[in-house]
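Engineer:
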């Protein structure tokens, strides 16, 4: 019991830097890796009419017949990074997103896909 009370008191005390979290916008955690514009790190593959730059962020959108694609200019340590987004046919409130890593362009690494599903937002019917 004597050990329990000091442990609870230690856990209740907040660290002095807790008020500074999360970091403010524009904070760079490392001077070793600086930020870059989208076009310094990626290039368009297809569908530039479905891409729009907004505050150094790329917005892509899909319609009933096409979408957009881009790829990294340089390989990452574990391969290239790509994202495929597919809207379900008909009425849906969710978007299925799949991320694939490859050793080089066009050669998938077996067993190295990171799939995630998101739902919510506004319902769309195409």
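Numbering (my numbering), first residue to last: 124 to 249.
Glycine included, every Cβ here is placed at the ideal spot set by N, Cα and C.
From a predicted model like this one, the values you see are computed outputs, not experimental measurements.
So, are the CB atoms of residue 183 and residue 195 less than 8 Å apart?
Structural biologist: For the purposes of this step, residue 183 is taken as the residue at position 60 of the chain shown. For the purposes of this step, residue 195 is taken as the residue at position 72 of the chain shown. Not a contact, by the Cβ cut-off of 8 Å.
Engineer: Using a Cβ-Cβ cut-off of 8 Å (strictly less than) and excluding sequence neighbours within five positions of residue 173, which residues of its own chain qualify?
Structural biologist: Against the chain shown, residue 173 aligns to sequence position 50. Taken in chain order, the residues that qualify are 183, 184, 185, 186, 189, 190 and 191.
Engineer: For the alpha helix (DSSP H) containing residue 192, name the first residue and the last one.
Structural biologist: In the chain shown, counting from the first residue as 1, residue 192 sits at position 69. Not the alpha helix (DSSP H): residue 192 falls in the beta strand (DSSP E), residues 192-195.
Engineer: Could you give the distance in angstroms between the alpha-carbon of residue 197 and the alpha-carbon of residue 158?
Structural biologist: Numbered from its first residue, the chain shown carries residue 197 at position 74. Numbered from its first residue, the chain shown carries residue 158 at position 35. Using only the alpha carbons, I get a separation of about 15 Å.
Engineer: Starting from residue 174, follow the beta strand (DSSP E) in both directions and report where the run begins and ends.
Structural biologist: As a working note, residue 174 is residue 51 in the chain shown. Its beta strand (DSSP E) spans residues 174-177.
Engineer: Please say whether residue 193 and residue 166 have beta carbons closer to each other than 8 Å?
Structural biologist: Here residue 166 refers to the residue found at position 43 when the chain shown is read from its first residue. Here residue 193 refers to the residue found at position 70 when the chain shown is read from its first residue. Yes, the pair counts as a contact, with Cβ atoms nearer than the cut-off.
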